[in-house]
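K.L.:
Numbering (the working numbering), first residue to last: 25 to 493. Don't be surprised by glycine CBs; every beta carbon is placed ideally from N, CA and C.
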Ligand SMILES: C[S@@+](CC[C@H](N)C(=O)[O-])C[C@H]1O[C@@H](n2cnc3c(N)ncnc32)[C@H](O)[C@@H]1O
């Protein structure tokens with residue numbers, strides 16, 4: 025853990041301004057990134073509430089702030105704080121206390137160009153109002169450089185926080201901040217890797233922000249090897265390769281692995297075109313050199329040698345809602361002769377969610393290297409969720425568990441685990457993953473929660489009856 029709360033004298037004060045999405049993932053992503061670089065970050069408020077988009081923290085240097093911003097998908101801006109307060113008057117008082125020697129490199133030099141940018145939260149201010157605040161502060165700070173709105177050498181940000189209660193917008197902000205912009209986060213990657221413009225997609229493709237966020241949770245960096253056992257159209261491999269990891273995947277669906285079959289792209293030809301596959305996606309982004317391979321494989325039947333080979337396992341397992349949860353198997357005795365086995369397409373049976381998740385943890389405990397990470401989505405029924413539904417394994421420690429609500433009842437949780445022990449080091453080396461709650465044992469528990477009412481209504485309609493209330 026790299027977050028501390030004691031203030032070391034050598035640390036500087038920064039403000040991280042988050043984007044307004046994936047609120048529950050903010051601290052988890054920051055923790056993952058600071059730990060990649062071994063950055064010691066100190067939160068001002070140990071009780072920081074993640075719904076607040078402004079996070080005050082202390083860092084050793086600007087270069088640490090730069091490293092965080094070069095990876096974050098959720099952080100928009102990082103400023104070095106020069107002043108803050110509960111009113112504009114407070115801000116001026118606080119700016120007076122900011123040491124002259126720290127200010128000197130940025131405002132004393134008359135040749136240095138600069139500009140101010142103002143952002144508000146919870147209230148829209150008109151241009152005139154904003155300009156009045158900016159001019160007032162500029163005069164107060166007595167900056168000597170030239171104002172340059174297009175290519176300034178230094179950018180200063182002013183934030184005014186009016187709170188997030190729409191019906192109670194105050195006249196004056198609750199909190200104001202002023203500081204020097206250090207860097208912007210990686211929000212532009214959402215556009216660069218947008219699935220709308222991607223060569224090969226399907227109805228299960230994960231959006232770019234979440235794929236990159238998962239790669240941050242897995243702490244990917246150049247030279248590592250990432251595996252997605254339910255690879256689908258490979259969107260998680262794109263996010264992983266962006267951070268320099270080699271990537272590979274497996275999927276039971278032969279069509280998806282070979283880029284065959286019907287396309288799910290709206291308005292496109294009915295069947296996938298030539299070269300519409302995962303490798304071509306990586307090529308599209310100049311990442312093909314990081315593509316190792318993808319295999320047609322059923323995750324319930326392991327084909328790997330008993331060696332920890334992966335640095336990270338990142339995946340979005342099937343929930344049985346948009347795609348089936350199937351594995352190879354049959355209740356009947358096999359009737360295929362050995363000489364016909366190569367051409368034989370085996371029959372499939374249900375792959376229960378509880379088995380998918382316990383297989384995933386057992387696999388990760390075996391095939392991750394020590395301190396490698398498993399990052400995956402766990403679907404949940406929000407009103408019924410308890411921590412006992414989160415799968416556990418004695419070799420894997422839970423690092424983060426953040427919810428993405430999808431509706432009032434359905435959500436999914438991004439689970440991050442780290443391998444902290446080898447199986448052979450356990451007293452009981454036959455130890456297996458477990459899920460304490462029985463929720464996932466009912467095969468289509470999640471599907472039933474999503475479609476149950478709808479399906480019942482349809483049946484009622486067919487029977488010419490209305491749904492009982
Ligand atoms: C939620 S999707 C993954 C989507 C993927 N992240 C993407 O970018 O498209 C789950 C995938 O698991 C695959 N799958 C289902 N059962 C499987 C099994 N027994 N073994 C391996 N893959 C399986 C499905 O074919 C599907 O592509």
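1. State yes or no: is the C-beta of residue 447 nearer than 7 Å to some heavy atom of ligand 1?
2. Can you tell me where the alpha helix (DSSP H) with residue 227 in it begins and where it stops?
3. For residue 86, which residues in the same chain have their Cβ closer than 8 Å to its Cβ, ignoring the five residues on either side in sequence?
4. Quick check on residue 117: buried or exposed, where buried means 16 or more other Cβ atoms within 10 Å of its Cβ?
5. On the criterion of 16 or more Cβ atoms from any shown chain inside 10 Å, does residue 88 qualify as buried, or is it exposed?
6. DSSP on residue 335, reduced to helix/strand/coil?
7. Since residue 315 is in the beta strand (DSSP E), which residue starts that stretch and which ends it?
8. Using the beta-carbon count (16 or more within 10 Å), is residue 447 buried or exposed?
9. Using the C-alpha atoms, what's the distance from residue 287 back to residue 167?
10. Between residue 301 and ligand 1, is there a pair consisting of the residue's CB and a ligand heavy atom that are separated by less than 7 Å?
11. So, under 8 Å CB-CB, residue 99 and residue 40 are touching, yes? Tell me the CB distance rounded to an integer number of Å.
12. Output the distance between the C-alpha atoms of residue 387 and residue 417, rounded to the nearest integer angstrom.
13. Check whether the Cβ of residue 387 sits closer than 7 Å to any heavy atom of ligand 1, and report yes or no.
14. Take residue 216 and list the residues in its own chain whose beta-carbon comes closer than 6 Å to its own, dropping the five residues that flank it on each side.
15. Does DSSP classify residue 131 as helix, strand or coil?
16. Does DSSP put residue 395 in a helix, in a strand, or in coil?
17. Could you check the C-alpha separation between residue 353 and residue 322 for me, to the nearest Å?
18. Is residue 272 near ligand 1 - that is, is its Cβ less than 7 Å away from at least one heavy atom of it?
19. Helix, strand or coil for residue 374 per DSSP?
20. Does residue 490 come out as helix, strand or coil in the three-state DSSP assignment?
21. Please report the distance separating the alpha-carbon of residue 227 from that of residue 318.
22. Out of 159, 377, 192 and 58, point me to the one whose CA is closest to residue 413's CA.
23. Using a Cβ-Cβ cutoff of less than 7 Å, which residues in the same chain neighbour residue 218 once the five nearest sequence positions on both sides are dropped?
24. Go ahead and label residue 351 buried or exposed: buried means 16 or more other beta carbons lie within 10 angstroms of its beta carbon, across all protein chains shown.
25. Using the three-state DSSP reduction, which class does residue 433 fall into: helix, strand or coil?
26. Does residue 441 come out as helix, strand or coil in the three-state DSSP assignment?
27. Give me the Cβ distance between residue 438 and residue 238, rounded to the nearest whole Å; I'm assuming they're in contact under 8 Å.
28. Could you pull out every residue in the same chain whose Cβ sits closer than 8 Å to the Cβ of residue 172, ignoring the five residues on either side in sequence?
29. Residue 490: buried (16+ other C-beta within 10 angstroms of its C-beta) or exposed?
30. Are the CB atoms of residue 334 and residue 392 nearer to each other than 8 Å?
31. Since residue 275 is in the beta strand (DSSP E), which residue starts that stretch and which ends it?
32. Going by other Cβ atoms of all chains shown within 10 Å of its Cβ, with 16 needed for buried, is residue 196 buried or exposed?
33. Helix or strand or just coil, what does DSSP make of residue 147?
34. Excluding the 5 residues flanking residue 316 on each side, which residues of the same chain have their C-beta closer than 6 Å to its C-beta?
35. Under 7 Å: does the beta carbon of residue 260 sit that close to some heavy atom of ligand 1?
36. Is residue 86 helix, strand or coil by DSSP?
P.N.:
The relevant details are as follows:
1. Position 423 of the chain shown, counted from the first residue, corresponds to residue 447. No; taking the cut-off as 7 Å, the Cβ of residue 447 has no heavy atom of ligand 1 nearer than that.
2. Here residue 227 is taken as the residue at index 203 of the chain shown, counted from 1. Where residue 227 is concerned, there is no enclosing alpha helix (DSSP H), given that its DSSP letter is neither H nor E.
3. Against the chain shown, residue 86 aligns to sequence position 62. Once the five neighbours on either side are set aside, the close Cβ partners of residue 86 are 36, 104 and 206.
4. Along the chain shown, read from residue 1 onward, the residue named residue 117 stands at position 93. With fewer than 16 Cβ atoms within 10 Å of its Cβ, residue 117 is classed as exposed.
5. Residue mapping note: residue 88 aligns to position 64 of the chain shown, counting from 1. Buried.
6. If you number the chain shown from 1, residue 335 lands on position 311. In the structure shown, residue 335 sits in a strand (DSSP, three-state: E or B).
7. Stepping through the chain shown from its first residue, residue 315 is reached at position 291. It spans 315-320 - the beta strand (DSSP E) in which residue 315 sits, taken as one unbroken run.
8. Position 423 of the chain shown, counted from the start, is the residue given in the question as residue 447. Burial call: buried.
9. Taking the chain shown and counting its residues from 1, one reaches residue 167 at position 143. Taking the chain shown and counting its residues from 1, one reaches residue 287 at position 263. Computed Cα separation, rounded: 58 Å.
10. Counting from 1 along the chain shown, the entry for residue 301 is found at position 277. False, no ligand heavy atom lies under 7 Å from that Cβ.
11. Walking along the chain shown from the start, residue 99 turns up at place 75. Walking along the chain shown from the start, residue 40 turns up at place 16. Indeed they touch by this definition, with Cβ atoms about 5 Å apart.
12. Residue 387 sits at position 363 when you count from the first residue of the chain shown. Residue 417 sits at position 393 when you count from the first residue of the chain shown. So the two alpha carbons sit approximately 10 Å from each other.
13. One-based indexing of the chain shown puts residue 387 at position 363. Because no heavy atom of ligand 1 lies under 7 Å away, the Cβ of residue 387 does not count as near it: no.
14. Here the question's residue 216 lines up with position 192 in the chain shown. Once the five neighbours on either side are set aside, residue 216 has no close Cβ partner at all.
15. Here residue 131 is taken as the residue at index 107 of the chain shown, counted from 1. The answer is helix: DSSP assigns residue 131 an H, G or I state.
16. Sequence index remark: in the chain shown, residue 395 carries index 371 (1-based). Looking at residue 395 - three-state DSSP - the assignment turns out to be strand.
17. For this step, residue 353 is matched to residue 329 along the chain shown. For this step, residue 322 is matched to residue 298 along the chain shown. Whole-angstrom Cα-Cα distance: 10 Å.
18. Locating residue 272 in the chain shown gives position 248, where the first residue counts as 1. False, no ligand heavy atom lies under 7 Å from that Cβ.
19. Counting from 1 along the chain shown, the entry for residue 374 is found at position 350. Residue 374: strand per DSSP, three-state reduction.
20. Here residue 490 refers to the residue found at position 466 of the chain shown. Low per-residue confidence applies at residue 490: pLDDT is 44, beneath 50, and the placement is therefore not dependable, though the value from the model is reported in the following sentence. In this structure, residue 490 counts as coil in the three-state DSSP scheme.
21. Your numbering for residue 227 matches position 203 in the chain shown. Your numbering for residue 318 matches position 294 in the chain shown. C-alpha separation (whole angstroms): 19 Å.
22. Reading the chain shown from its first residue, position 389 is the one you call residue 413. Of 159, 377, 192 and 58, the residue nearest in Cα terms is 377.
23. Within the chain shown, residue 218 is the residue found at index 194, counting from 1. Within the same chain, residue 218 has close Cβ partners 232.
24. What you label residue 351 is simply residue 327 of the chain shown in a count that begins at 1. Answer is buried; the Cβ neighbour count reaches 16.
25. As a position in the chain shown, residue 433 is number 409, starting the count at 1. Residue 433 falls in the coil class under three-state DSSP.
26. Here residue 441 refers to the residue found at position 417 of the chain shown. DSSP places residue 441 in strand when its eight states are reduced to three.
27. Position 414 of the chain shown, counting from 1, holds the residue named residue 438. Position 214 of the chain shown, counting from 1, holds the residue named residue 238. About 7 Å separates the two Cβ atoms, so the contact holds.
28. For the purposes of this step, residue 172 is identified with residue 148 of the chain shown, where counting begins at 1. Correct list, in chain order: 137, 138 and 139.
29. Position 466 of the chain shown, counted from the first residue, corresponds to residue 490. Interpretation of residue 490 is limited by its pLDDT of 44, a score under 50 that renders its predicted location unreliable; the figure taken from the coordinates is listed afterwards. Looking at its Cβ environment, which holds fewer than 16 other Cβ atoms inside 10 Å, residue 490 is exposed.
30. Working through the chain shown from its first residue, we reach residue 334 at position 310. Working through the chain shown from its first residue, we reach residue 392 at position 368. Yes.
31. As a first step, residue 275 must be located in the chain shown, where it is residue number 251. Where residue 275 is concerned, the enclosing beta strand (DSSP E) stretches over 270-275.
32. Within the chain shown, residue 196 is the residue found at index 172, counting from 1. That one is exposed.
33. Position 123 of the chain shown, counted from the start, is the residue given in the question as residue 147. Coil, per DSSP.
34. The residue you call residue 316 lines up with position 292 of the chain shown. So the list reads 270 and 272, once near-sequence residues are dropped.
35. In the chain shown, counting from the first residue as 1, residue 260 sits at position 236. True, at least one ligand heavy atom lies under 7 Å from that Cβ.
36. For the purposes of this step, residue 86 is taken as the residue at position 62 of the chain shown. Helix.
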